[in-house]
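Enquirer:
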Amino acid sequence: IAEFNAKCRDSVTRHTDAFAELTTRMGYWVDLDDAYRTMDPEYVDSVWWSLKEIFTKDLLVQDHRVAPWCPRCGTGLSDHELAQGYETVVDPSVFVRFPLTSGPLAGEAALLVWTTTPWTLVSNTAVAAHPGVRYVVATNGEEKLVVAEPLVEKALGEGWEVTGQSFTGAEMERWTYERPFTLVDFPAEAHYVV
């Protein structure tokens, strides 16, 4: 358990800055200057104090409850974990064009992006490209799209031809693109390939 706890603490501390940046960008109402983490001893102490107070006031009851159990982990499963289930479902998805505004293809090509959460496009701030995947430029004679090489046929179908231009995801890093929607204000430092 100690090793597991250490890995959890390491994960939290490793991602603290990224969480703070995301929290600020998303506009969450969080006091980051006086934030608490459930792993902090002060927080744990406050939970034990609360539990003691509840016990002292005779509000703590021992009872039985049917609960789902993970035999591998030796722990109960939350409702959230159960709600996810293991059922294969078909998610709706969309392909979206993001016209490039910087990089060698600025003004002449668009990124072809696939998402299963189209409702998040209003607050889109970045496009993820795998650094080791090769992305090619494909054209149908009217427009040029940048798409992952292994997905050209699946994403575009017939009538598209690869031009010969290609880039790795790492080479595309920081290319900027036109915002899909302008309903939400964003800092200038947004809408680029990561």
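Mind the numbering: the sequence shown is residues 1169 to 1362 in the working numbering, read in order.
Each residue gets a CB set at the ideal place from its N, CA and C atoms; glycine is no exception.
In this text, all values refer to a predicted model and were calculated from it rather than measured experimentally.
So, with DSSP's three-state summary, where would you put Gly-1275?
Expert: If DSSP states are grouped into helix, strand and coil, Gly-1275 belongs with coil.
Enquirer: Confirm, please, whether the CB-CB distance from Arg-1302 to Thr-1331 is below 8 Å.
Expert: Going by C-beta atoms, Thr-1331 is not nearer than 8 Å to Arg-1302.
Enquirer: Comparing alpha-carbon positions, which option in Pro-1286, Val-1314, Val-1281 and Asp-1213 lies nearest Trp-1328?
Expert: Ranking the options by Cα distance to Trp-1328, first place goes to Val-1314.
Enquirer: Helix, strand or coil, according to DSSP, for Val-1352 in the structure here?
Expert: Three-state DSSP puts Val-1352 in coil, outside helix and strand.
Enquirer: What does DSSP give as the partner residue(s) for Lys-1312 in the beta ladder?
Expert: Partner(s): Thr-1307.
Enquirer: Rank Leu-1228, Leu-1245, Asp-1226 and Cys-1241 by C-alpha distance to the C-alpha of Ala-1235 and give the top, closest one.
Expert: The option with the nearest alpha carbon to Ala-1235 is Leu-1245.
Enquirer: Should the stretch 1337-1351 be regarded as contacting the stretch 1265-1277, the criterion being three or more beta carbon pairs within less than 8 Å?
Expert: Cβ pair count under 8 Å is three or more, so yes.
Enquirer: To the nearest angstrom, report how far apart Met-1340 and Arg-1240 are at their CA atoms.
Expert: Their backbone Cα atoms lie some 42 Å apart in a straight line.
Enquirer: With DSSP as the reference, identify every bridge partner of Thr-1244, one or two as the case may be.
Expert: Before going further, note that residue 1244 is Gly rather than Thr in the sequence given. Partner(s): Trp-1237.
Enquirer: Considering only the alpha carbon of each residue, which of Trp-1282, Leu-1273, Trp-1287 and Ala-1297 lies closest to Thr-1307?
Expert: When only C-alpha atoms are compared, the closest one is Leu-1273.
Enquirer: Name, in chain order, the residues that DSSP records as bridge partners for Pro-1267.
Expert: According to DSSP, which records beta bridges pairwise, Pro-1267 is partnered with Ala-1278.
Enquirer: Roughly how many angstroms separate the alpha carbons of Phe-1223 and His-1232, rounded to a whole number?
Expert: Computed Cα separation, rounded: 17 Å.
Enquirer: For Pro-1260 versus Thr-1284, is the C-beta distance shorter than 8 Å?
Expert: Yes, they are a contact pair.
Enquirer: How is the alpha helix (DSSP H) around Glu-1221 delimited, first residue to last?
Expert: Per DSSP, Glu-1221 belongs to the alpha helix (DSSP H) from 1209-1224.
Enquirer: CB-CB under 8 Å to Lys-1312, same chain, minus the five flanking residues each way: which ones, in chain order?
Expert: Closer than 8 Å at Cβ, skipping near neighbours: Leu-1273, Glu-1276, Ala-1277, Ala-1278, Val-1305, Ala-1306 and Thr-1331.
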